[in-house]
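One gets this note's numbering by counting positions in the sequence shown from 1 and adding 326 to each.
For every residue, glycine included, the Cβ atom is placed at its ideal position computed from N, Cα and C.
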Amino acid sequence: MSLIDNPMYKLQRLQAFGCFLLFSSLFSLLPTSTTFALTDAEAAYIVRRQLKTLPPNDELPPEVEYEVKVSLTFSNQRLKKAYIGLQALKKAIYSDPMNKTGDWVGSNVCNYTGVFCSEALDDKSLTVVSGVDLNHADIAAHFPAEMGYMTDLALIHINSNRFCGIVPKTMSRLKLMYEFDISNNRFVGPFPEVALSWPTIRFLDLRYNNFEGSIPPELFEKNLDALFLNNNRFKSTIPKAIGKSTVSVVTFANNKFEGCIPHSIGKMSNLNEIIFMNNNLVGCFPEEVGMLTNVTIFDASSNAFTGSLPESLTGMKSIESLDLSHNKLTGTVPENVCKLPKLSNFTFSRNYFQNEPNACKVPSKKDIVFDDTYNCLPGRPKQRSTKECQPVISQLVDCSKDKCAGGGGRSPHKPKHKPKPNPEPQPPKQPHPPTPVHHHPPPSPPKESPKTPIKQEGKEEVSPLERSRPPAPPIHPPPVSSPPPVHSPPPPVKPPPAPVYSPPPPVHSPPPPVKSPPQRPTEGIHLPPNLGFQYSSPPPPMFPGY
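Set out below in structure tokens:
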């Protein structure tokens, strides 16, 4: 079978070609002076280059097919393979304005800019390439299939560049992968399932790309510490398997997730921060949300949640920031929620609450912020008009019968109506079928901004979330800050170079400040050398912690 006739090859061509269409629509709206933009012709050229190099059966050709100068010598075969992979990556680069790969010449791959070496995990006598960090380099490129030769890689950081196309399946060979950060690029296609084949993956950052489709349930069975999915085009329900997840932080924001919050959420014992903001989630909150006793940040704003808040929310003893704004919640705000011991910000504006206890009107502490504006609260300033409130509060949702809340009722987004009575006696007729389902469109995303603080368009206040990447265990030299704890990458053999701070390319949303999750045991853990210096990775997020 020829390369062109192979069905998998055709599928990959279609997925990658979506990148060209995306560039056509997105960058036509941007000023031509920005350095971040690619022309339609440039984007199409990058896509074609990747399509021509993708192997038809996702299998890498034998190394003998790659010509390596006889004058080049390598201390071991793994470094030779890394050389092949790195040279293929350099060849896949269309634009490197900062000349980050200018010194990628010769056999001494450990001296390449952004490339880090260490001892092999299975043989300390061997030096191998364990990390590639090209964050904020403004590189326009694609991943070549030859990345699969670099089987000792534990870390890939290409945050805030202009990579396009798909994540090739040949990268499933990278069995030591621990941190994979490809955020703030232009990757397309379905969720990159190569990540499911990495047994040691702990930190997965896909935000600010154009991935689409559903999230595989198996993702939540991986031993992850941080998972960033926000600002893509995912459209599906949130898998029930989320209850099996070990993550301390997960973001679903600014996608098209729909349906209920799974009841299994209460089993996420390690969870510290979770963001559902700006999706199409519906129904009542499940009682199990109150079992998240370690959660400090919970944001479910800008969805279509209905009904009253469950009293079980008072079980969130560690909550600091709770944002439920821009939904269709009704009833009374639970008094004890406003009295939670660590609460500093409770935003429930732009709902349809009718009653509010005094504890939610006048904070018990000076540093607590409550926002109750644009509800249906008598005597409170900046509320909705009677005309706005009446259609909603006249048809209150009974959460005891709501499927999302655990009742025996039907799902809120598939309502059924009783058959209309006949005006006069007639022979028995079949009831009318259920009325069509009308889903609420996703809320408009906030305006983009290059600032780090997060603010959503249409909300009254800036979210107070100050977050940074999850910390790493101590290594040599002492770390400044780094991603979540590592349990497998190779140990460093030399101190990392001093961090290079280059101005990030213009991006269209501020990066997500993040609070660090609790430190985990780190006995016997070794990190790649470049984890010892400042982790410059959060992409340009628009919202706190996203």
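Asked, Found
"Secondary structure of N662, DSSP reduced to three states", "helix"
"Expected contact under 8 Å - CB spacing of D478 and V493 to nearest Å", "Actually they are not in contact, since the Cβ atoms of D478 and V493 sit about 19 Å apart, beyond 8 Å."
"Exposed unless 16 or more other CB atoms sit within 10 angstroms - verdict on A367", "exposed"
"Distance between I508 and R533 (C-alpha atoms, nearest Å)", "8 Å"
"Given L555 as reference, the closest of V576, S571, A567 once Cα atoms are compared", "V576"
"Reduced DSSP secondary structure (H/G/I, E/B, other) of H652", "coil"
"When P612, D448, S595, I601 are compared against C586, the one with the closest alpha-carbon", "P612"
"Own chain residues within Cβ distance below 6 Å of S540, not counting five before or after", "S562"
"V514 - partner residues in DSSP beta bridges", "N536"
"Any 3 or more C-beta pairs closer than 8 Å across the stretch 422-429 and the stretch 461-471", "yes"
"Contact under 9 Å by Cβ, E472 with T496", "yes"
"Presumed contact (8 Å Cβ cut-off) between D698 and E682, rounded CB distance", "6 Å"
"Top-ranked residue by Cα proximity to L597, from S627, L553, C610, G609", "L553"
"Integer Cβ distance of L722 from T656, believed to fall under 8 Å", "6 Å"
"Beta-carbon proximity list for D429, same chain, < 8 Å, skipping 5 on both sides", "N437, Y438, T439"
"Cβ separation of F674 and T658, assumed to be a contact under 8 Å, to the nearest whole Å", "Between T658 and F674 the Cβ distance is about 11 Å, and since that is not below 8 Å, they are no contact."
"Cα-Cα separation, L639 to K668", "13 Å"
"Ranges of the beta strand (DSSP E) found wholly within the stretch 464-513, counting only runs of at least 3", "481-483, 488-491, 505-507"
"Strand pairing of L703, partner residues [DSSP]", "Per DSSP, none; premise fails for L703."
"Beta carbon proximity, C610 to chain D, threshold 9 Å", "You won't find chain D in this structure, because it holds only one protein chain."
"Cβ-Cβ distance between D459 and L481 below 9 Å", "yes"
"G411 burial status per 10 Å Cβ neighbour count (16 or more: buried)", "buried"
"Beta-carbon proximity list for Q413, same chain, < 6 Å, skipping 5 on both sides", "none"
"Cβ pair I568, F546 closer than 9 Å", "yes"
"Residue burial classification, G705 (beta-carbon count within 10 angstroms, cutoff 16)", "exposed"
"Burial state of K406, where buried means 16 or more other Cβ atoms lie within 10 Å", "buried"
"G432 (DSSP reduced to helix, strand or coil)", "coil"
"CA nearest to the CA of D724, picked from F602, G609, R404", "G609"
"Residues near P516 in its chain [Cβ-Cβ closer than 6 Å; skip 5 each side]", "G539"
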